Amino acid sequence: MVIWTTTPWTIPANQALNVHPEFEYALVDVGDKLLVLAAELVESCLARYKLEGTVIATTTGQALELINFRHPFYDRLSPVYLADYVELGAGTGIVHSSPAYGVDDFNICKQYGLSNDDIISPVQSNGVYVESLEFFGGQFIFKANQNIIDKLVEVGSLMDTETISHSYMHCWRHKSPLIYRATAQWFVGMDKQPESGETLRKRAVKAIEDTEFVPAWGQARLHSMIANRPDWCISRQRNWGVPIPFFLHKESGDLHPRTVELMEEVAQRVEKEGIEAWFKLDASELLGDEAAKYDKISDTLDVWFDSGTTHWHVLRGSHPMGHESGPRADLYLEGSDQHRGWFHSSLLTGCMLDDHAPYRELLTHGFVVDENGRKMSKSLNNVVAPQKVNDSLGADIMRLWVSATDYSGEMAVSDQILQRSADAYRRIRNTARFLLSNLSGFNPATDILPAEEMLALDRWAVDRTLLLQRELQEHYGEYRFWNVYSKIHNFCVQELGGFYLDIIKDRQYTTAADSTARRSCQTALFHISEALVRWIAPILAFTADELWQFLPGERNESVMLNTWYEGLTEMPADFEMDRAYWERIMAVKTSVNKEMENLRAAKAIGGNLQAEVTLYAEDSLVADLSKLSNELRFVLITSTASVAPLVSAPADAVVTEVAGLKLKVLKSSHAKCARCWHHREDVGVNPEHPEICGRCVDNISGAGEVRHYA
Numbered sequence: 012m013v014i015w016t017t018t019p020w021t022i023p024a025n026q027a028l029n030v031h032p033e034f035e036y037a038l039v040d041v042g043d044k045l046l047v048l049a050a051e052l053v054e055s056c057l058a059r060y061k062l063e064g065t066v067i068a069t070t071t072g073q074a075l076e077l078i079n080f081r082h083p084f085y086d087r088l089s090p091v092y093l094a095d096y097v098e099l100g101a102g103t104g105i106v107h108s109s110p111a112y113g114v115d116d117f118n119i120c121k122q123y124g125l126s127n128d129d130i131i132s133p134v135q136s137n138g139v140y141v142e143s144l145e146f147f148g149g150q151f152i153f154k155a156n157q158n159i160i161d162k163l164v165e166v167g168s169l170m171d172t173e174t175i176s177h178s179y180m181h182c183w184r185h186k187s188p189l190i191y192r193a194t195a196q197w198f199v200g201m202d203k204q205p206e207s208g209e210t211l212r213k214r215a216v217k218a219i220e221d222t223e224f225v226p227a228w229g230q231a232r233l234h235s236m237i238a239n240r241p242d243w244c245i246s247r248q249r250n251w252g253v254p255i256p257f258f259l260h261k262e263s264g265d266l267h268p269r270t271v272e273l274m275e276e277v278a279q280r281v282e283k284e285g286i287e288a289w290f291k292l293d294a295s296e297l298l299g300d301e302a303a304k305y306d307k308i309s310d311t312l313d314v315w316f317d318s319g320t321t322h323w324h325v326l327r328g329s330h331p332m333g334h335e336s337g338p339r340a341d342l343y344l345e346g347s348d349q350h351r352g353w354f355h356s357s358l359l360t361g362c363m364l365d366d367h368a369p370y371r372e373l374l375t376h377g378f379v380v381d382e383n384g385r386k387m388s389k390s391l392n393n394v395v396a397p398q399k400v401n402d403s404l405g406a407d408i409m410r411l412w413v414s415a416t417d418y419s420g421e422m423a424v425s426d427q428i429l430q431r432s433a434d435a436y437r438r439i440r441n442t443a444r445f446l447l448s449n450l451s452g453f454n455p456a457t458d459i460l461p462a463e464e465m466l467a468l469d470r471w472a473v474d475r476t477l478l479l480q481r482e483l484q485e486h487y488g489e490y491r492f493w494n495v496y497s498k499i500h501n502f503c504v505q506e507l508g509g510f511y512l513d514i515i516k517d518r519q520y521t522t523a524a525d526s527t528a529r530r531s532c533q534t535a536l537f538h539i540s541e542a543l544v545r546w547i548a549p550i551l552a553f554t555a556d557e558l559w560q561f562l563p564g565e566r567n568e569s570v571m572l573n574t575w576y577e578g579l580t581e582m583p584a585d586f587e588m589d590r591a592y593w594e595r596i597m598a599v600k601t602s603v604n605k606e607m608e609n610l611r612a613a614k615a616i617g618g619n620l621q622a623e624v625t626l627y628a629e630d631s632l633v634a635d636l637s638k639l640s641n642e643l644r645f646v647l648i649t650s651t652a653s654v655a656p657l658v659s660a661p662a663d664a665v666v667t668e669v670a671g672l673k674l675k676v677l678k679s680s681h682a683k684c685a686r687c688w689h690h691r692e693d694v695g696v697n698p699e700h701p702e703i704c705g706r707c708v709d710n711i712s713g714a715g716e717v718r719h720y721a
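Residues 12 to 721 in the numbering used here are what the sequence shown lists, from first letter to last.
In structure tokens form, the structure reads like this:
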């Protein structure tokens, strides 16, 4: 049997030869000997060995099973075992098997009945063969490679040798080669049947099915890992870590019968003296005269067992009410690599202790990369340090970037991306500043209006805030923080900044301080502010806390001590100016604004208040616009606004994107009111106030204007 290997040092530990059950193998006569090779590789192998030969018989790998062949230089037999992992890409189609130094080899040999005691493992932990190994005892394995090759030459068993470059496992830090080495370890049995209940594997699979996953694909990933994993090796041979405080009988290998009691004694010592207490401990201190019969082991626990039991220490430690029932975390979150790590080990230990996962939900996030999708690396000079971002832009910008990024995939970050987050932050902050500044002089205890007394537009604004809050509750509940960010940002930029806040400026600045029109507006601003500060608190924590301190009214010390705002009211279902109505009005206003921008660019007008607009609309839209009566101009922010039938539109009327709407804008010929800036025909009519319009005169010294809608 001809085998090909890149690890001659494993040949002294050979215990089997592996062939693929479905491959065809040939018996080849090369004159002085007979060779067994994979039939498909005979030609290439003979050419490599510079031999000529004749195939005298063929058979399948299946037929070779359990035929014995003698080891090339030791007096023992190596049987043929079947293995599906044998390939024809290189070598001879026959694999030499040393179960002590390869996972696949180990598993195949175990399948064929080899016990742990049967496995030959002559390499010590320092990489040196045991002294008792014939021919090579005491030699370092890599230095022994040439001696093993020489021995094969000596016994006439070497077909060929060559030097090649190939991939090989190595220490990531030291770049030095590593080897697999079978050693005695402690395992958690995945399929070991307990005295009662199901196996750990079955319990873990069921626990996965009872857990919510964000994103949902995480469930299948973790399920596959648990369903297919081997027993869990929880011991390590390291000079640091949590010790496994076991005493093993020197003859039987059994655990000391008082193991549980002894573990508690060791734990108490560690609590007082530190982790070194176990390693410094003399066995006689705990075992007395029995110490001579037992070995104190020096193994430490797998670090994933440490992290996987945090739920026991943390949740039981901080939630004593749930101590006996096995408390659960609402959420575990980590990177996608933790399906194999912390998520995995926590699930297994949770099922061992409590028969369920220690979490109700698992959230998996991607890794941070640069704007080109490359991982962060000092060599690429693309590392974005969070502390530097905090120092230059502020922690809330960093938090906003996190929330705005879809974490289900890779999370791109760069200076340019962070600058976009800073721009978005300013829009939200400026909105909050506007809200605060316009609540000056407002006392919610005395000035707040009930919903039925508020203007229609203000009722819409509060209703819209309520609807958004419901959406945000759903997004927060499902950890879709990027949706939270986009909804809040769009609300501040479009519905508030681009519509509502622009409209109310006139009323806020020109009507009497305690007028219904102004108090209605301030009531809406107060409700919006109370909701907004709570919405942004989990993300823009510092900004929310700052805003909280300046909001009017009595409140507790921190926004973080509060939940969703409950003061928002919904518009009645039969409200004439309902949600759909204001959606249509917003569309009309957008069309008017677009034409205004064109006229400003052409220098036909200066500001919007220089404009007089006429809307030519189909009948249903005329009816909607007419509901606002003379307050339509305040919504459009023009000095005058009139409505006419669509059929009366002049040829030069502008066609808009709103179906059934055309419009025409003219520059006002009237004087500008020095107070409200509207261009009105009655500016200067009152001799006592020659520079202001009649509306402003009434607001200053009269009964004040009355608003119903906007």
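Beta carbons: idealized from backbone N, C-alpha and C, even for Gly.
In this text, all values refer to a predicted model and were calculated from it rather than measured experimentally.
Between which residues of its own chain and residue i is the CB-CB distance below 6 Å, once the five residues before and five after are set aside?
i, result
"tyrosine 511", "Ala472"
"alanine 528", "Arg518, Thr522, Arg718"
"threonine 65", "Asp40"
"glutamate 594", "none"
Quick check on residue i: does DSSP put it in helix, strand or coil?
i, result
"serine 89", "strand"
"valine 380", "strand"
"lysine 154", "helix"
"lysine 261", "coil"
"lysine 307", "strand"
"arginine 339", "coil"
"histidine 486", "helix"
"aspartate 40", "strand"
"asparagine 722", "The displayed coordinates of the chain run from 12 to 721. Any statement about residue 722 would go beyond what the structure contains."
"alanine 111", "helix"
"lysine 683", "strand"
"methionine 465", "coil"
"histidine 350", "helix"
"methionine 607", "helix"
"arginine 81", "strand"
"isoleucine 67", "strand"
Taking 8 Å as the CB-CB limit, is residue i close to chain B?
i, result
"proline 226", "Note that chain B does not occur in the displayed structure, where there is just one protein chain."
For a quick check, are the C-beta atoms of residue i and residue j less than 8 Å apart?
i, j, result
"tyrosine 140", "proline 133", "yes"
"isoleucine 131", "alanine 24", "yes"
"leucine 657", "glutamate 581", "no"
"valine 325", "aspartate 381", "no"
"histidine 376", "glycine 229", "no"
"leucine 312", "valine 253", "yes"
"glutamate 736", "leucine 99", "Residue 736 lies beyond the stretch modelled for the chain, which goes from 12 to 721, so this question has no answer here."
"glutamine 196", "cysteine 244", "yes"
"tyrosine 343", "leucine 373", "yes"
"leucine 310", "arginine 247", "The amino acid occupying residue 310 in the given sequence is aspartate; leucine does not appear at that position. It is a contact, given that the beta carbons lie within the stated cut-off."
"methionine 465", "alanine 542", "no"
Please work out which residues of its chain come closer than 7 Å, Cβ to Cβ, to residue i, disregarding the five sequence neighbours upstream and downstream, and give them in chain order.
i, result
"leucine 404", "Leu429, Ala433"
"serine 295", "Ala302"
"proline 455", "Phe537, Pro563, Gly564"
"isoleucine 703", "Cys684, Ala685, Arg686, Val694"
"arginine 232", "His350"
"phenylalanine 553", "Ala406, Asp407"
In whole angstroms, give me the CA-to-CA distance for residue i and residue j.
i, j, result
"arginine 706", "threonine 649", "15 Å"
"serine 602", "valine 676", "12 Å"
"glycine 346", "alanine 155", "43 Å"
"alanine 613", "tryptophan 546", "41 Å"
"alanine 94", "alanine 396", "50 Å"
"leucine 579", "alanine 591", "19 Å"
"serine 526", "asparagine 710", "9 Å"
"methionine 8", "glycine 452", "In the structure displayed, the chain extends from 12 to 721; residue 8 sits before or after that span and is not available."
"histidine 107", "proline 19", "10 Å"
"asparagine 641", "alanine 652", "8 Å"
"serine 55", "glutamate 35", "15 Å"
Take residue i and list the residues in its own chain whose beta-carbon comes closer than 8 Å to its own, dropping the five residues that flank it on each side.
i, result
"glycine 138", "Phe151, Ile152, Phe153, Ile190"
"proline 701", "Gly695"
"aspartate 458", "Asp525, Arg530, Gln533, Thr534"
Inter-stretch contact (C-beta, 8 Å, three-pair minimum) for the stretch 358 to 376 and the stretch 315 to 323: yes
Three-pair Cβ contact test at 8 Å for the stretch 398 to 416 versus the stretch 432 to 448: yes
Meets three-Cβ-pair contact criterion under 8 Å: the stretch 614 to 624 and the stretch 632 to 641: no
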